[in-house]
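Undergrad: Sharing a structure here in structure tokens format.
Residue numbers (mature numbering (1 follows the signal peptide of the UniProt record, and there is no 0)): -23 to -1, 1 to 352.
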């Protein structure tokens, strides 16, 4: 069944997927009514979700970026000595520290996997989520990048962490933000891992994903053309910083839809926010081409949100000057790196796997080869 037109503009920028907060019984033709946290028992058990007792230390932590408090969880091996560390960077939209979506907790799984392998892992709530202050919609990319810097500074201040071996792992939009910070001459980042990270500007990703998802969901060519026309107009306004014009334009489009397909007012506000404008305008090429640390970039062959066909080639080109770049496409996996049928977001909730084990094994092996946990 085709995704609702009113939700398509926020597939990439406001949340990882449109309709991600719907229950398994709902179809993708209804606007979301409640978030995962508001209705935590609606999803079936996820077999890969780690459960305590942990064979390592898990600690609730907080630190500051100026006046902003950032909350998260630090997991670290119980063995002595200083450990290499990984800071996880979430995808688009307001995400909690586990990057929870549709009952899946991919960052909890990644943290558990890497900590069992001997790495300390810090994962944090986004601005305006959980224990972290601020508001994501009014945050710039530079501000979000500075949150990464604050997390790295916190890790370097911990006696259990090897400050020379701290890297970043970003998923989706986190694949924009992680290189943006890591490319700084003073970043001190030792490595960068990108899971479904775009290698082309945000406006291009938004248009391509919308076209692919609509077509896969059975939209007619006319419907696809209409939606692409709307999104082109919206992104053009966002690119020149006309947020009020973008809001009015999105509102007019929304009101032209049948009542049952209209997005809520807060969705319209999110579509015309400074955060959305920053995402649409962002070009990752300068940061990616400036990276001089080992980089692993992973894509799913059935990812319709950050299509490998769109980003794999540019990613290889942009990383070519770096010392150690591995760009790998896993056939049959979607944007969440789950085994998929079509790869459309409406499938995510019905897939038991949170992250395909082959990806977890590949990431762990790549890390241990370059940054072994014992010297």
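A virtual CB, placed ideally from N, CA and C, is assigned to each residue, including glycine.
(1) Our contact map puts residue 47 next to residue 124 with C-beta atoms below 8 Å; I'd like the distance itself, whole angstroms only.
(2) Tell me the rounded alpha-carbon separation between residue 156 and residue 75.
(3) Applying the 10 Å Cβ sphere with the 16-neighbour rule, what's the burial state of residue 335?
(4) Taking residue 308 and residue 173 to be in contact with their CB atoms under 8 Å, please state how far apart those CB atoms are, rounded to whole angstroms.
(5) Curious, which full-length alpha helix (DSSP H) runs of at least 4 residues does the stretch 211 to 244 contain?
(6) Could you tell me the distance, in whole angstroms, from the CA atom of residue 13 to the CA atom of residue 78?
(7) As an exercise, report each continuous alpha helix (DSSP H) stretch of at least 4 residues that is fully enclosed by the stretch 253 to 316, in chain order.
(8) Taking the straight line between their C-alpha atoms, what separation do you get for residue 21 and residue 30?
(9) Could you pull out every unbroken alpha helix (DSSP H) segment of at least 4 residues lying fully inside the stretch 146 to 191, listed in chain order?
(10) Taking the CB atoms as reference points, tell me whether residue 328 and residue 314 lie closer together than 8 Å.
(11) Residue 327 by DSSP, collapsed to three states: which one?
(12) Suppose contacts are defined by Cβ-Cβ distances below 8 Å. Is residue 374 in contact with residue 149 by that definition?
(13) With three or more beta-carbon pairs closer than 8 Å as the criterion, would you say the stretch 198 to 210 touches the stretch 281 to 300?
(14) Give the range of the alpha helix (DSSP H) segment to which residue 91 is assigned.
(15) The beta strand (DSSP E) with residue 68 in it runs from where to where?
(16) What's the C-alpha gap between residue 25 and residue 131?
TA: Taking the definition as stated:
(1) The sequence position of residue 47 within the chain shown is 70, counting from 1. The sequence position of residue 124 within the chain shown is 147, counting from 1. Residue 47 to residue 124, Cβ: 6 Å. Contact.
(2) On the chain shown, position 179 is the one that residue 156 refers to. On the chain shown, position 98 is the one that residue 75 refers to. For residue 156 and residue 75, the distance between alpha carbons rounds to 21 Å.
(3) Position 358 of the chain shown, counting from 1, holds the residue named residue 335. So residue 335 counts as exposed.
(4) Residue mapping note: residue 308 aligns to position 331 of the chain shown, counting from 1. Residue mapping note: residue 173 aligns to position 196 of the chain shown, counting from 1. Incorrect: roughly 14 Å between the Cβ atoms, too far for contact.
(5) Note on the stretch 211 to 244: whole alpha helix (DSSP H) runs with a minimum of 4 residues are 220 to 232, in chain order.
(6) Taking the first residue of the chain shown as position 1, residue 13 is located at position 36. Taking the first residue of the chain shown as position 1, residue 78 is located at position 101. Unreliable placement is indicated for residue 13, whose pLDDT of 39 sits below 50; the coordinate value is still reported in the next sentence. If you take the alpha carbons of residue 13 and residue 78, they lie about 7 Å apart.
(7) Assignment of alpha helix (DSSP H) within the stretch 253 to 316, counting only whole runs of 4 or more residues, yields 262 to 267 and 285 to 295 in chain order.
(8) To locate residue 21, count along the chain shown from 1; it is residue 44. To locate residue 30, count along the chain shown from 1; it is residue 53. Each residue's Cα considered, the two are about 21 Å apart.
(9) Every alpha helix (DSSP H) of 4 residues or more that sits fully in the stretch 146 to 191 is shown, in chain order, as 151 to 159.
(10) Position 351 of the chain shown, counted from the first residue, corresponds to residue 328. Position 337 of the chain shown, counted from the first residue, corresponds to residue 314. For the pair residue 328 and residue 314, the CB atoms are not nearer than the 8 Å cut-off.
(11) By 1-based counting over the chain shown, the position of residue 327 is 350. Three-state result, residue 327: helix.
(12) Since the first residue of the chain shown is -23 and the last is 352, residue 374 is not available in this structure.
(13) Counting Cβ pairs under 8 Å, fewer than three are found: no touch.
(14) The residue given as residue 91 occupies position 114 in the chain shown. Looking at the DSSP string, the run of the alpha helix (DSSP H) that includes residue 91 is 83 to 93.
(15) Looking up residue 68 in the chain shown gives position 91. Neither: residue 68 is in no beta strand (DSSP E) and is coded neither H nor E.
(16) Numbered from 1 along the chain shown, position 48 holds the residue referred to as residue 25. Numbered from 1 along the chain shown, position 154 holds the residue referred to as residue 131. Using only the alpha carbons, I get a separation of about 29 Å.
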